[in-house]
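Visitor: The structure under discussion is supplied below as structure tokens; questions concerning it will follow.
In the numbering used here, the protein residues as written are 328 to 437.
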């Protein structure tokens, strides 16, 4: 444990902006982690592996927030990792939206 953490002064010298960015980073990580909780609940209910639509929304939202945080921190590894994930999350949502549109065209709502 670092001396700053041990002494309780981890944020003692932090600027307001740094504290805000730290909160954004933790909120983004929490949002991103929620996708696993959602996926787990759906899988348990179905008794088979299921990836619900909400998983991809939390992935996209958390990924965007984490990318923003990574850009602020100027971390090229973190930036590249989050940016690549956003492509996958967006593509999955595109497939979901396309499939819903096709199904509506075949069986219009009454």
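Just so it is clear, CB atoms sit at the ideal spot from N, CA and C, and this is done for glycine as well.
(1) Answer with buried or exposed for residue 357, where buried requires no fewer than 16 other C-beta atoms within 10 angstroms of its C-beta.
(2) Would DSSP call residue 338 helix, strand or coil?
(3) Just confirm the distance between the C-beta atoms of residue 365 and residue 382, as a whole number of angstroms; I'd bet it's less than 8 Å.
(4) So, using beta-carbon positions, are residue 302 and residue 412 closer together than 8 Å?
(5) I need the straight-line Cα distance from residue 433 to residue 378, nearest angstrom please.
(6) How would you label residue 359, buried or exposed, when you count the other beta carbons within 10 angstroms and need 16 or more for buried?
(7) Should residue 424 go down as buried or exposed, given a rule of 16 or more other Cβ atoms within 10 Å for buried?
(8) Alpha carbons only, please: which of 355, 402, 372 is nearest the one belonging to residue 386?
Guide: Judging by the given coordinates:
(1) Taking the first residue of the chain shown as 1, we reach residue 357 at position 30. It is exposed - the Cβ of residue 357 has fewer than 16 other Cβ atoms within 10 Å.
(2) The count along the chain shown starts at 1 and reaches residue 338 at position 11. In this structure, residue 338 counts as coil in the three-state DSSP scheme.
(3) For the purposes of this step, residue 365 is taken as residue 38 along the chain shown, with counting starting at 1. For the purposes of this step, residue 382 is taken as residue 55 along the chain shown, with counting starting at 1. 5 Å between Cβ atoms; contact.
(4) Residue coverage of the chain in this structure runs from 328 to 437, which leaves residue 302 outside it and unanswerable.
(5) Locating residue 433 in the chain shown gives position 106, counting from the first residue. Locating residue 378 in the chain shown gives position 51, counting from the first residue. So the alpha carbons of these two residues sit roughly 24 Å apart.
(6) Walking along the chain shown from the start, residue 359 turns up at place 32. Looking at its Cβ environment, which holds 16 or more other Cβ atoms inside 10 Å, residue 359 is buried.
(7) Here residue 424 refers to the residue found at position 97 when the chain shown is read from its first residue. Residue 424 comes out exposed.
(8) Position 59 of the chain shown, counted from the start, is the residue given in the question as residue 386. When only C-alpha atoms are compared, the closest one is 355.
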